[in-house]
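Numbering (my numbering), first residue to last: 845 to 1165.
Glycine residues also receive a C-beta, built at the ideal position from the N, C-alpha and C atoms.
Only one structure is covered here, and it is reproduced in the block below.
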C-alpha cells in the first residue's frame, strides 16, 4: 500500500502539502542523492569485536568516543597538549588513542588513531659485556626496517638483555616497578590539509613504539615544522627496550636524522622544545655544536635526540556528563 502523502511529508521533514518544488518525488530524490554523496565521502567503518563478528557499523563522519590527545599550536614558543577522556568509550575503541592537531587558525586536524598496550616498564639501559646464562625466554626482534637488535633474553626477575649487530655489543634493560603504556606508532604519517603538513618516515629502525605523550609531542613538533622530509631513527620496541640506545626505554625519546643545514635543524630543536621535550642532545661536530639543544655529545653527530617529554605539561580533561 502506497505511503500517504502526509506521512511522507513528516518523514521528509517538509511542509504539507509540499510547495511547488517538484513534489514529493523530487524531495526524496534530492535527499537520496545527498545521502549517497555522504556515503561515498564517509564510507562505513566496521568495528570488529574479539569473537570476530561485526558488532556495529559506524559512519566515519560520526563522532567516535575515544581517548584523544589534542595538540595545540597555541603560540610561537609554547605548545599545548591535552588528554581528553570521554565518559563512555565507543565499543571497539577501548585500546585506541586518537591524535588531533589544532593549527594556528584553531582548525582541527584528525591526524591518526593508534593502538596502545600496557607493558612491564623498563629502567634505562646499561652496557654489559655479555648475556648471562639462566634466561627463561628468548625471542627475536623485527629486522624489516634494518634495525640493529637481534635477540632478547628475559630472566626470572624480569630483566631483559639484548644482543645485536653493528658493533654495539650487549645491553641490559632492568625491570621497572609497575607497568607503562606505549602506543604502536604509524609506520609513516603523510597528512596534508590546507597549510598543515605532518609527515614522517622511519629510517633504518624497527623501534616503532613510544609513550602516548611522546607521540603527541612528536606530532606537535611535526606540525610546527610543516615539512615532508622528517625521518625518525626510532623510539623503542614493544617490550620497552631500545637497542642499541640506552635512553629510549619505554619510548620516552625520539631520534631524527639531521636536516641539511643549521637554520632548518635549529627550527627542529625549537619545535621539540616547544612541545615539552626536556633532554635534547645534538652532536659536537661542525654546526651541530651551535644548535640550541640541552646537551652536545660526540655520539650524536648523526642524529638529534629529543627525550623525556615533561608529562606535567600534559593536561588531563575527563568528561563528566
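Need the endpoints of the alpha helix (DSSP H) that residue i sits in, please.
i: residue 1090; result: No alpha helix (DSSP H) contains residue 1090, which DSSP labels as neither H nor E.
So the candidates are the options; which of them puts its Cα closest to the Cα of residue i?
i: residue 1035; options: 933, 953 and 1110; result: 953
i: residue 917; options: 944, 1025 and 931; result: 944
i: residue 1083; options: 1025, 1106 and 1071; result: 1025
i: residue 1072; options: 1063, 1078, 1080 and 1079; result: 1063
i: residue 1121; options: 1130, 941, 1131 and 1137; result: 1137
i: residue 1019; options: 997, 1008 and 1013; result: 997
i: residue 1052; options: 989, 1091, 979 and 1103; result: 989
i: residue 1081; options: 1163, 1145, 1004 and 1074; result: 1004
i: residue 992; options: 1106, 951 and 1013; result: 1013
i: residue 974; options: 994, 1007, 1002 and 1119; result: 1007
i: residue 994; options: 1088, 1043 and 985; result: 985
i: residue 1143; options: 1157, 951 and 1127; result: 1127
i: residue 1164; options: 933, 913 and 922; result: 933
i: residue 1045; options: 1099, 1086 and 1162; result: 1099
i: residue 1029; options: 976, 955, 1039 and 968; result: 955
i: residue 1039; options: 911, 947 and 1157; result: 947
i: residue 1055; options: 920, 978, 1066 and 1085; result: 1085
Would residue i pass as a contact of residue j if the rule is Cβ separation under 7 Å?
i: residue 966; j: residue 1094; result: yes
i: residue 1125; j: residue 1116; result: no
i: residue 964; j: residue 1023; result: yes
i: residue 1159; j: residue 1135; result: no
i: residue 957; j: residue 931; result: no
i: residue 1068; j: residue 1153; result: no
i: residue 1101; j: residue 1147; result: yes
i: residue 1112; j: residue 1070; result: no
i: residue 1061; j: residue 1119; result: yes
i: residue 960; j: residue 1027; result: yes
i: residue 938; j: residue 1161; result: no
i: residue 1105; j: residue 1129; result: no
i: residue 1090; j: residue 936; result: no
i: residue 949; j: residue 980; result: no
Mark residue i as exposed unless 16 or more other C-beta atoms lie within 10 angstroms of its C-beta, in which case mark it buried.
i: residue 886; result: In this prediction, residue 886 scores a pLDDT of 48, lower than 50, which makes its location untrustworthy; the coordinate-derived value is nonetheless stated afterwards. Label assigned to residue 886: exposed.
i: residue 1108; result: exposed
i: residue 1050; result: buried
i: residue 1009; result: exposed
i: residue 915; result: buried
i: residue 982; result: exposed
i: residue 1016; result: buried
i: residue 1078; result: buried
i: residue 908; result: buried
i: residue 1074; result: buried
i: residue 978; result: exposed
Mind checking which residues open and close the beta strand (DSSP E) that includes residue i?
i: residue 1149; result: 1148-1153
i: residue 1021; result: 1019-1028
i: residue 914; result: 911-916
i: residue 928; result: 924-929
Does the beta-carbon of residue i, which I'm using as the reference point, lie nearer than 6 Å to any heavy atom of the ligand HEM?
i: residue 951; result: Absence of the ligand HEM from the depicted structure is noted, as is the absence of any ligand whatsoever, leaving it without description.
(Q) As an exercise, report each continuous alpha helix (DSSP H) stretch of at least 4 residues that is fully enclosed by the region 1056-1109, in chain order. (A) The DSSP assignment places complete alpha helix (DSSP H) segments of no fewer than 4 residues inside the region 1056-1109 at 1056-1069, in order along the chain.
Q) Where in the region 946-996 do unbroken runs of the beta strand (DSSP E), each at least 3 residues long, occur, reported from the N-terminal end onward? A) Within the region 946-996, the complete beta strand (DSSP E) runs of at least 3 residues are 952-966, 970-972 and 981-984.
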